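When we follow full-length UniProt numbering, the leftmost residue of the sequence shown carries the number 1, and every step to the right adds one.
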Amino acid sequence: MTKAPEPSTIDWKNLGFEYMDLPFRYLAHWKDGQWDEGELTEDSTLHISEGATALHYGQADFEGLKAYRTKNNEIQLFRPDQNAQRMQNSCKRLLMPTMPADRFIDAAMQVVKANEDFVPPYGTGGTLYLRPLMIGVGGTIGVHAAPEYIFTIFAMPVGAYYKGGVKPTNFTTSYYDRAAPHGTGQSKVGGNYGSSLLPGDEAHKAGYSDVVYLDPATHTKIEEAGSANFFGITKDDKFVTPKSDSILPSVTKRSLLFLAKNRLGLETEEGDVFIDDLDRFKEAGAMGTAAVIAPIGGIEYKDDLHVFYSETEVGPITQKLYNELTGIQFGDIEAPEGWIYKVK
Ligand code: PLP
Ligand code: COI
């Protein structure tokens, strides 16, 4: 694997969302009922048994969070406790051991600190994306939980996830589902993403940024995008986002529900978003750690493109939400209590 380039040679303003093999990652092993001490390592290759459950039976879950460089050149994490908690929930769903939240956060801090030179400069829009991952390993062939586990956190500098960044792009719907009712949609597990690859590829080939999945039971309601939750702004300024047991409980969504209400003074609602009732929205977007807030120009459904605010301009409320969220993340705007963790 090619190692990351010298930080001084990186074009920070034009980073996409690509893997980069940074100098350090954190690695811990679980065996005989407990985690070892864990450590930073320079080896970016995992050495695992061919009988690992992660390879056969999908015993694999992950997280995504970011480190931000502030104007004062400090580095901070945004709500890592929420990712730690969600990963514990995903692990329980897949019958995997959990990583205590304090250890998860400490490991994330260690990885940021060790790769500090790769945290993009303030003002470039770039961030250091952290990818915590847990997999079942050890030799197994029956369909049951693995005897051993690996927990790792690796990192890389990233820019926009959807190519438009904060410019609108179009999304489409799909015949396929990413998750089932009572399945694993609520958990951040590898299998959900495996099943989204084919519909995602079809969407990209047709010129769309991503699929907006419909509810798997009736295909009448918007659930979420392949890599982000959905929101719409109604004509009377309400921030609306789908409520469903088969979507990922997004940290960004939870944060925006709070900010929309308490900072922008908007009414908020988690409820049904019917695909044939998109006229109620004047703006729409996708929200997530990687996506940040990606304005949705339009959604294609049954050969019809429903345009919200504009296919080329970001709507004013979406822009305000973006400014508030990223202002907090980069340390320019005061954060609600407990949202920011300084990396020391
Ligand atoms: N939905 C899916 C399917 C995702 O992969 C993500 C990304 O993590 C999100 C939503 C957004 O979640 P968060 O805001 O916690 O990153
Ligand atoms: C994230 O936003 O952190 C994600 O995990 C989305 C995607 C890259 C899978």
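Idealized CB from N, CA, C, for every residue including glycine.
Here the structure is a predicted model, which means the values were calculated and not measured.
Identify, in the order they occur along the chain, each residue of the same chain with its Cβ nearer than 8 Å to the Cβ of residue i, setting aside the five sequence neighbours on each side.
i       : result
Val-314 : Val-166, Lys-167, Pro-168, Pro-295, Tyr-322
Leu-198 : Tyr-176
Lys-235 : Arg-280, Phe-281, Lys-282
Leu-305 : Asn-170, Gly-298, Ile-299
Thr-2   : Asp-21
Val-112 : Ala-67, Ile-75, Leu-77, Val-119, Leu-128, Leu-130, Ala-155, Val-343
Cys-91  : Asp-61, Pro-97, Thr-98, Met-99, Met-134
Asp-269 : At residue 269 the sequence reads Glu, which differs from the Asp that was named. Excluding residues within five positions, the ones whose Cβ falls inside 8 Å are Lys-238, Phe-239, Val-240, Thr-241.
Do residue j and residue i count as a contact pair if the criterion is CB distance below 8 Å?
i           : j       : result
Leu-248     : Val-158 : no
Phe-17      : Tyr-161 : yes
Asn-170     : Glu-334 : no
residue 348 : Ala-108 : Here the chain covers residues 1 to 344 and nothing more, so residue 348 does not appear.
Ala-228     : Ala-291 : yes
Phe-78      : Ile-340 : yes
Val-240     : Gly-226 : no
Tyr-122     : Thr-70  : yes
Ser-209     : Gly-164 : yes
residue 353 : Val-143 : With the chain running from 1 to 344 in the structure shown, residue 353 is simply not present.
Using only the alpha-carbon positions, how far apart do residue i and residue j sit?
i       : j       : result
Leu-130 : Gly-200 : 23 Å
Ser-250 : Asp-81  : 13 Å
Lys-66  : Leu-46  : 23 Å
Ile-105 : Ser-44  : 20 Å
Leu-325 : Phe-258 : 10 Å
Ala-146 : Tyr-19  : 27 Å
Lys-342 : Thr-127 : 15 Å
Phe-118 : Thr-41  : 16 Å
Asp-237 : Ala-286 : 17 Å
Glu-39  : Gln-76  : 21 Å
Thr-172 : Asp-36  : 45 Å
Gly-51  : Gly-288 : 34 Å
Lys-13  : Gly-33  : 45 Å
Ala-260 : Lys-31  : 44 Å
Pro-242 : Tyr-309 : 19 Å
Gly-133 : Lys-253 : It should be pointed out that residue 133 corresponds to Leu in this sequence rather than to Gly. C-alpha separation (whole angstroms): 22 Å.
Glu-74  : Ile-293 : 23 Å
Gln-110 : Val-307 : 44 Å
Ser-244 : Gly-338 : 27 Å
Glu-202 : Ile-222 : 19 Å
Asn-72  : Gly-207 : 40 Å
Glu-6   : Asp-332 : 28 Å
Within the same chain, show all residues whose beta-carbon is closer than 6 Å to that of residue i, passing over the 5 residues directly before and after it, in chain order.
i       : result
Ile-317 : Ile-233, Glu-283
Gln-88  : Thr-98
Thr-53  : Gln-59, Gly-136, Thr-140, Ala-146
Glu-267 : Lys-238
Shortest alpha-carbon distance to residue i belongs to which of the options?
i       : options                           : result
Ser-246 : Glu-224, Arg-263, Ile-153, Gly-38 : Glu-224
Arg-103 : Glu-74, Gly-288, Asn-83           : Asn-83
Gly-327 : Gly-271, Ser-255, Leu-266         : Ser-255
Thr-220 : Tyr-309, Ser-174, Thr-252         : Ser-174
Gly-4   : Glu-37, Asn-115, Asn-73           : For clarity, residue 4 is Ala in the given sequence; the question names Gly instead. If we check each option's Cα against that of Ala-4, Asn-115 comes out closest.
Ser-8   : Gly-338, Pro-120, Val-307, Tyr-68 : Pro-120
Ile-10  : Gly-271, Thr-124, Ser-196         : Thr-124
Gly-194 : Leu-55, Asp-332, Ile-222, Ala-28  : Leu-55
Asn-262 : Pro-336, Val-307, Ser-90          : Pro-336
Phe-230 : Gly-271, Gly-338, Gln-110, Cys-91 : Gly-271
His-29  : Met-96, Ser-244, Asp-332, Ser-90  : Met-96
Using a Cβ-Cβ cutoff of less than 7 Å, which residues in the same chain neighbour residue i once the five nearest sequence positions on both sides are dropped?
i       : result
Lys-320 : Leu-264
Ser-49  : Val-137, Gly-138, Gly-139
Lys-205 : none
Thr-184 : Arg-93, Gly-191, Asn-192
Gln-85  : Ala-101
Flag residue i as yes if its beta-carbon sits less than 8 Å from any beta-carbon of chain B, otherwise no.
i      : result
Thr-45 : The structure shown contains no chain B; it holds only a single protein chain.
Handout entry: the stretch 206-217 contacting the stretch 173-187, beta-carbon criterion three pairs below 8 Å
Key = yes
Exercise for the section: Count the C-beta pairs between the stretch 135-145 and the stretch 17-26 that are closer than 8 Å, then say yes if the count reaches three, no if not. Expected result: no
Exercise for the section: For the stretch 298-307 and the stretch 266-284, state whether three or more C-beta atom pairs, one from each stretch, are separated by less than 8 Å. Expected result: yes
Exercise for the section: Specify whether the stretch 182-191 and the stretch 53-71 touch according to this definition: at least 3 beta carbon pairs, one from each stretch, less than 8 Å apart. Expected result: yes
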